[in-house]
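Position in the sequence shown counted from 1, then plus 245, gives you our numbering.
Don't be surprised by glycine CBs; every beta carbon is placed ideally from N, CA and C.
Take a look at the structure set out below.
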Amino acid sequence: MERSEIRGSASIVPGCASLHPGYGHRLRPHRALQGVAGFPTMPATSSNAESRMLTLQKSNVIAEAILKKGREMKLRPLCVVVTDIGARIKTAQREDGCSQARVEMALGKAVASLALGRSSAFVRERQKQGPEFVAQVQNFVGEQKMFMVGGGELIRDEAGNILGAVGVTGATEDEDELLVAHGIRAAGFKTDQDLAHLGAMVRSKA
């Protein structure tokens, strides 16, 4: 199955008439929230620099592993977006038959994860409990929109540092979440669930 692909924040999806204007912009949390309530900051220094780098090659490993798994599961056409810690696209892949809107939806899941430092499914639950709070967070992230549905996860290194996020859409929420975790691990990175032993630093549950 062929797929459209974005590589880097300045690229576009072949066949798409337009993209969200915020695709090439950095997610800029409000100063008061930087380092607070799970908002991501730049990864801490590590002796193994390569293990904490989300390169284009590793981003494509994530996306391609997700799409391959989706085909093995005989799921509907999928869209995958991988971003860096600033919510800038590293790669986006949309399978044939997957609607154009899925690119924005997958990106929105990644943005939601980065905005609160949790999964997009958690952000959805947080929105139910305190919609005013989540509305304010959306104001802080600016042009990019959060899509508060399961299927967005943070990408972490072994120390728990946030390197970026992945959003997947096209299947059910449970299937999207399974695929995201599979892709992150395929590239040698960690999910929140993998690092639950770190305690408060990584909160894998609501």
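The three-state reading of DSSP puts residue 395 in coil, since its state is none of H, G, I, E or B. Contact annotation, residue 326 with residue 352: C-beta distance approximately 5 Å; criterion of less than 8 Å satisfied. When only Cα atoms are considered, residue 303 and residue 376 end up about 35 Å apart. In this structure, DSSP gives residue 297 a helical state, which the three-state scheme calls helix. Here residue 414 is bridged, per DSSP, to 324. Between residue 319 and the set 367, 405, 424, 410, the nearest pair of CA atoms involves 424. Inclusion of residue 398 and residue 364 in the CB contact set at 7 Å is warranted, their separation being smaller than that value. Contact annotation: residue 405 and residue 354 have beta-carbon atoms that are not nearer than 7 Å. Between the alpha carbons of residue 360 and residue 311 lies a gap of roughly 23 Å.
With fewer than 16 other Cβ atoms from the protein chains shown falling within 10 Å of its own Cβ, residue 374 counts as exposed. Between the alpha carbons of residue 420 and residue 336 lies a distance of about 21 Å.
A residue is called buried once 16 or more other Cβ atoms fall within 10 Å of its Cβ, and residue 316, having fewer, is exposed. Sequence-distant Cβ neighbours of residue 426 in its own chain, meaning closer than 6 Å and more than five residues away, are 436. Going by beta carbons, residue 306 and residue 332 fall outside the 7 Å limit.
If you draw a straight line from the Cα of residue 350 to the Cα of residue 439, it comes to about 25 Å.
With a contact defined as Cβ atoms closer than 8 Å, residue 328 and residue 416 miss out at about 20 Å.
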